[in-house]
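There are 2 protein chains.
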Amino acid sequence: MTEAFTRPLLATIQSVHQASRTTGQLSTEAKNHALEAIAQALETFAPEILAANQQDCEQAQAEGLPNALIARLKLDANKLQGAITGVRQVAGLADPVGEVQIKRELDTGLILQRLTCPLGVLGVIFEARPDAVIQISSLAVKSGNGVVLKGGKEAIHSCQAIVKAIHQGLAQSDYPAAALALLTQRSEIQQLLELDQWVDLIIPRGSNEFVRYIQDHTRIPVLGHADGICHLYIDQAADLAQAVAITVDSKTQYPAACNAIETLLVHAEIAPKFLPMVCDALQAKGVELRGDATSCQFVELVPATATDWATEYCDLIVSIKVVDSLDAALEHIDTYGSGHTEAIVTQDQETARKFLAQVDAAGVFHNCSTRFADGFRYGLGAEVGISTAKLPPRGPVGLEGLITYKYQLVGDGHIVQDYSGPRAKAFTHQDLT
Amino acid sequence: MTEAFTRPLLATIQSVHQASRTTGQLSTEAKNHALEAIAQALETFAPEILAANQQDCEQAQAEGLPNALIARLKLDANKLQGAITGVRQVAGLADPVGEVQIKRELDTGLILQRLTCPLGVLGVIFEARPDAVIQISSLAVKSGNGVVLKGGKEAIHSCQAIVKAIHQGLAQSDYPAAALALLTQRSEIQQLLELDQWVDLIIPRGSNEFVRYIQDHTRIPVLGHADGICHLYIDQAADLAQAVAITVDSKTQYPAACNAIETLLVHAEIAPKFLPMVCDALQAKGVELRGDATSCQFVELVPATATDWATEYCDLIVSIKVVDSLDAALEHIDTYGSGHTEAIVTQDQETARKFLAQVDAAGVFHNCSTRFADGFRYGLGAEVGISTAKLPPRGPVGLEGLITYKYQLVGDGHIVQDYSGPRAKAFTHQDLT
Numbered sequence: 001m002t003e004a005f006t007r008p009l010l011a012t013i014q015s016v017h018q019a020s021r022t023t024g025q026l027s028t029e030a031k032n033h034a035l036e037a038i039a040q041a042l043e044t045f046a047p048e049i050l051a052a053n054q055q056d057c058e059q060a061q062a063e064g065l066p067n068a069l070i071a072r073l074k075l076d077a078n079k080l081q082g083a084i085t086g087v088r089q090v091a092g093l094a095d096p097v098g099e100v101q102i103k104r105e106l107d108t109g110l111i112l113q114r115l116t117c118p119l120g121v122l123g124v125i126f127e128a129r130p131d132a133v134i135q136i137s138s139l140a141v142k143s144g145n146g147v148v149l150k151g152g153k154e155a156i157h158s159c160q161a162i163v164k165a166i167h168q169g170l171a172q173s174d175y176p177a178a179a180l181a182l183l184t185q186r187s188e189i190q191q192l193l194e195l196d197q198w199v200d201l202i203i204p205r206g207s208n209e210f211v212r213y214i215q216d217h218t219r220i221p222v223l224g225h226a227d228g229i230c231h232l233y234i235d236q237a238a239d240l241a242q243a244v245a246i247t248v249d250s251k252t253q254y255p256a257a258c259n260a261i262e263t264l265l266v267h268a269e270i271a272p273k274f275l276p277m278v279c280d281a282l283q284a285k286g287v288e289l290r291g292d293a294t295s296c297q298f299v300e301l302v303p304a305t306a307t308d309w310a311t312e313y314c315d316l317i318v319s320i321k322v323v324d325s326l327d328a329a330l331e332h333i334d335t336y337g338s339g340h341t342e343a344i345v346t347q348d349q350e351t352a353r354k355f356l357a358q359v360d361a362a363g364v365f366h367n368c369s370t371r372f373a374d375g376f377r378y379g380l381g382a383e384v385g386i387s388t389a390k391l392p393p394r395g396p397v398g399l400e401g402l403i404t405y406k407y408q409l410v411g412d413g414h415i416v417q418d419y420s421g422p423r424a425k426a427f428t429h430q431d432l433t
Numbered sequence: 001m002t003e004a005f006t007r008p009l010l011a012t013i014q015s016v017h018q019a020s021r022t023t024g025q026l027s028t029e030a031k032n033h034a035l036e037a038i039a040q041a042l043e044t045f046a047p048e049i050l051a052a053n054q055q056d057c058e059q060a061q062a063e064g065l066p067n068a069l070i071a072r073l074k075l076d077a078n079k080l081q082g083a084i085t086g087v088r089q090v091a092g093l094a095d096p097v098g099e100v101q102i103k104r105e106l107d108t109g110l111i112l113q114r115l116t117c118p119l120g121v122l123g124v125i126f127e128a129r130p131d132a133v134i135q136i137s138s139l140a141v142k143s144g145n146g147v148v149l150k151g152g153k154e155a156i157h158s159c160q161a162i163v164k165a166i167h168q169g170l171a172q173s174d175y176p177a178a179a180l181a182l183l184t185q186r187s188e189i190q191q192l193l194e195l196d197q198w199v200d201l202i203i204p205r206g207s208n209e210f211v212r213y214i215q216d217h218t219r220i221p222v223l224g225h226a227d228g229i230c231h232l233y234i235d236q237a238a239d240l241a242q243a244v245a246i247t248v249d250s251k252t253q254y255p256a257a258c259n260a261i262e263t264l265l266v267h268a269e270i271a272p273k274f275l276p277m278v279c280d281a282l283q284a285k286g287v288e289l290r291g292d293a294t295s296c297q298f299v300e301l302v303p304a305t306a307t308d309w310a311t312e313y314c315d316l317i318v319s320i321k322v323v324d325s326l327d328a329a330l331e332h333i334d335t336y337g338s339g340h341t342e343a344i345v346t347q348d349q350e351t352a353r354k355f356l357a358q359v360d361a362a363g364v365f366h367n368c369s370t371r372f373a374d375g376f377r378y379g380l381g382a383e384v385g386i387s388t389a390k391l392p393p394r395g396p397v398g399l400e401g402l403i404t405y406k407y408q409l410v411g412d413g414h415i416v417q418d419y420s421g422p423r424a425k426a427f428t429h430q431d432l433t
């Protein structure tokens, strides 16, 4: 890391911070106009963007990068048009800024309001997918934030072409182009993570290891999750056909997703009947089955080891454990769950109520697939990421993860001394909304 | 740190965690009953508590601890009764748990709810004040959390007597006494900070250095603030008499508070007239004045150095700077402010609007004292602390800082596969509240 890189980076981020001080004041109309200008510019520059992406893809192939990565990198005309449609959809979302959460008279002429406002500057670090630049830029504009984008080096030409188009679009709008910047050097990631005075939220997009690295190397809040170890518990009172369908969907509908299950917990009473059913169905989908000693009594399984319970396979593998009770299932989830999404299948309402109440996770599901844990399926309109943090925002996060609030107090010369001591005035504390 | 300490600590905290899995399900009535039982037990054990406190105070005096610390340590019958009244007031606050924030049909029979729920286990670390045990315990019970309390060793007998009484009270209630534990060894702080699997929020109560130490030594979220560098900007369009009164209140009403100002920014146009007025008033209150070169032209001041702008005095000292414009004031606040509370005095509504919009702080005030930045004055009912973090909870935090939410999804065998591919079902996404 040379001085030559360090100085421009700091200057760039300070410029974004500086510009972001005004983006929070833009009207909904001004922000939506900026989004439409971005969409049009992306359409205008589409040939240039696709050519740049072609260059990245050829380079990636020449370097022998994995096919899965090249697939994520590839931006064809359809995918680009889809991303542009996404920009216009963000324009259609409700403006998260300026919402009055509290309006309260503290005393005559002394009015407190709690208003939503942008966080400031977002730092987004992603691998491969250049369309992420388009999506996150549109969310940043709508939420009134500045944004610093750092893409993977394999996508550098695509990202540069996209950001050039976005800047051209923003030049036709009130959202300052200086509030959106692209970093291109890998060495800049570590510097970005250290700039907690200027950057307010880090959004990492990539593998679990990548997210964990980011979390461990910054004081800036990180929106995301490192692990997605989700469980499905099949209670003794389950509808077994329903339980099979939900198990198959939760494991196989998209096994690499964070909301796919890794472990199936089965009540001992139904294990002899249910395990052969579910294992047949999973094996028909090509799932590798690993089980504890008890489950191996009923079906032929690879014996599970202690590490299986703590592993996110991200693959067509499931571990199976037989439990004696709901409490044993809760205990297992409490020990191994990552707080992402946990589900129960049962027809017993009291058992379901206890499970939903006692499991501590961003999502607690009853008689449905864990794969529903997703911002679009929840109807949030857009998903910034899924957070397994305890404090909000938790779970799938939409635009609300990109805003905060501040207290605004307006008086007419009010001082605290008048509300102190033996002749203290009383507060009225009257809510006005 | 010996094994002998380590094992009981882990066992204690695991017990609190275990017990806290059920406290979130208690009804409002059950929690209020527990609070009344605590209040009555504290009344019953008052003589024992006061005697224990007497012992702590004598010990502190014998050890020559500072008088200010002994004053905070001292618990007389009045102060104890005040704390007990506080417990009953917490019973009167609205229950923050179980609130339905979102209720949405995703499709027929597939219902999503977002419900508020406790965080889990609170870790509260405080110095001296034994009445903090009473306050935070009552807030933990009301919010359905477990709590691990670590008081200063100078208050050990007081804390033990108080927790004994609280446990006796809880024994008459449905809130399990095991969900509330007191740590007594100083070595246990570091261990507590490492137990991020079992503890969900750390609340430090003490000096700025103490809070910063805690923030730098844990992965657990910390509720609080290390710095309170607040500014008051007197605009050229200020009512000068009002500006003097607000300055004096903001600086002197309680100078050790985090919401007291450290720096006064004065517009150049009114500086020649305003500075003599405000300096006379501040000096009459015993305030030491430090100023930049320009302000020293108008009044006799100790020249301020670069470090003054970055210092929280917590004392009767103020630094003064003359600025040429609102933008220069905003720039100074952006550089030196700690995001706590920032205020402007002006009769110009447009200037006020710009200040309130552009200043990035938990509190932005117009024509009133910064000392109003406080949970009780805001009408929050109880204050857990003041947060200068960007993500919510921000500013003075009431019970809402002790809760989070989870998404609950209830279906009837719904799987994601049915909503995918060419014949995908559509979501209805219909809000039910």
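Residue numbers (the UniProt record's numbering), protein chains in the order written: chain P, 1 to 433; chain H, 1 to 433.
All residues carry an ideal CB built from backbone N, CA and C; glycine is no exception.
Keep in mind that this is a model prediction, so the values were computed, not measured.
Item, Value
"Cα-Cα separation, P/Ala238 to P/Val345", "5 Å"
"At least 3 beta-carbon pairs within less than 8 Å: the segment 386-400 of chain P vs the segment 221-231 of chain P", "yes"
"With 16 other Cβ atoms within 10 Å as the buried cut-off, status of H/Ser158", "buried"
"Backbone CA spacing between P/Ile162 and P/Asp131 [nearest angstrom]", "9 Å"
"Contact with chain H by P/Pro221, beta-carbon distance below 8 Å", "yes"
"Sequence ranges, beta strand (DSSP E) only - wholly within the segment 79-131 of chain P, length at least 3", "100-107, 110-118 and 121-126"
"Neighbourhood of H/Asp412 by C-beta distance below 8 Å, restricted to the same chain and skipping five residues each side", "Gly109 and Leu110"
"Chain P within 8 Å of H/Lys390, Cβ atoms only", "yes"
"8 Å Cβ cut-off: residues of chain H touching P/Tyr378", "Arg104, Leu106, Leu112 and Tyr407"
"Straight-line gap, P/Trp309 to H/Gly363 (C-alpha atoms, nearest Å)", "46 Å"
"At least 3 beta-carbon pairs within less than 8 Å: the segment 88-106 of chain P vs the segment 421-431 of chain P", "yes"
"Three-way DSSP call (helix, strand, coil) for H/Asp280 in this model", "helix"
"Supposed close pair H/Leu119, H/Leu402 - CB separation, criterion 8 Å", "6 Å"
"Chain H within 8 Å of P/Gly120, Cβ atoms only", "yes"
"DSSP-derived helix/strand/coil call for H/Arg290", "strand"
"Alpha carbon of H/Val287 to alpha carbon of P/Val16, nearest angstrom", "39 Å"
"P/Gly144 vs P/Val97 beta-carbon contact at 8 Å", "yes"
"Beta-carbon proximity of residue 434 of chain P to P/Leu26, cut-off 8 Å", "Since the first and last residues shown for chain P are 1 and 433, residue 434 of chain P lies out of range."
"Inside the segment 177-231 of chain H only - alpha helix (DSSP H) runs reaching at least 4 residues", "188-194 and 208-216"
"Same chain only: Cβ atoms within 7 Å of P/Lys251, ignoring 5 sequence neighbours per side", "Ala260, Ile261, Leu282, Val287 and Val318"
"In chain order, each beta strand (DSSP E) run of at least 3 residues that lies wholly inside the segment 344-390 of chain P", "363-368 and 385-387"
"Distance between H/His267 and H/Ala233 (C-alpha atoms, nearest Å)", "The residue you asked about is not Ala; residue 233 of chain H is Tyr in the sequence shown. Near 8 Å, if we compare the C-alpha coordinates of H/His267 and H/Tyr233."
"DSSP three-state assignment for H/Ser319, whether helix, strand or coil", "strand"
"Three-state secondary structure assigned by DSSP to P/Lys74", "coil"
"In chain order, each beta strand (DSSP E) run of at least 3 residues that lies wholly inside the segment 126-165 of chain P", "146-150"
"Cut-off 7 Å between Cβ atoms - residues of its own chain near P/Met1, not counting five sequence neighbours on either side", "With a pLDDT of 33 at P/Met1, under the threshold of 50, the modelled position of this residue cannot be trusted; read the value that follows with caution. Here the set comprises Ser187."
"Close-in-space but distant-in-sequence residues of the same chain around H/Glu3 (CB under 8 Å, 5 per side omitted)", "Here the model assigns H/Glu3 a pLDDT of 36, short of 50, so the residue's position is not dependable, and the following value carries that caveat. Correct list: empty, nothing qualifies."
"Contacts of P/Arg21 in chain H (Cβ-Cβ under 8 Å)", "Leu330, Asp334, Gln358 and Asp360"
"Stretch-stretch touch, CB-based, cutoff 8 Å, three pairs: the segment 163-173 of chain H with the segment 30-46 of chain H", "yes"
"CB contact below 8 Å: P/Cys258 versus chain H", "no"
"8 Å Cβ cutoff, P/Leu433 in contact with chain H", "Sequence inspection shows Thr at residue 433 of chain P; the Leu mentioned does not correspond to that position. No, P/Thr433 does not count as interfacial toward chain H."
"The segment 135-163 of chain H: positions lying closer than 8 Å to chain P by Cβ", "none"
"Exposed unless 16 or more other CB atoms sit within 10 angstroms - verdict on P/Asp200", "buried"
"Proximity of P/Pro204 and H/Leu391 at Cβ, strictly below 8 Å", "no"
"H/Leu356 vs P/Gln18 beta-carbon contact at 8 Å", "no"
"Backbone CA spacing between P/His414 and H/Ala329 [nearest angstrom]", "22 Å"
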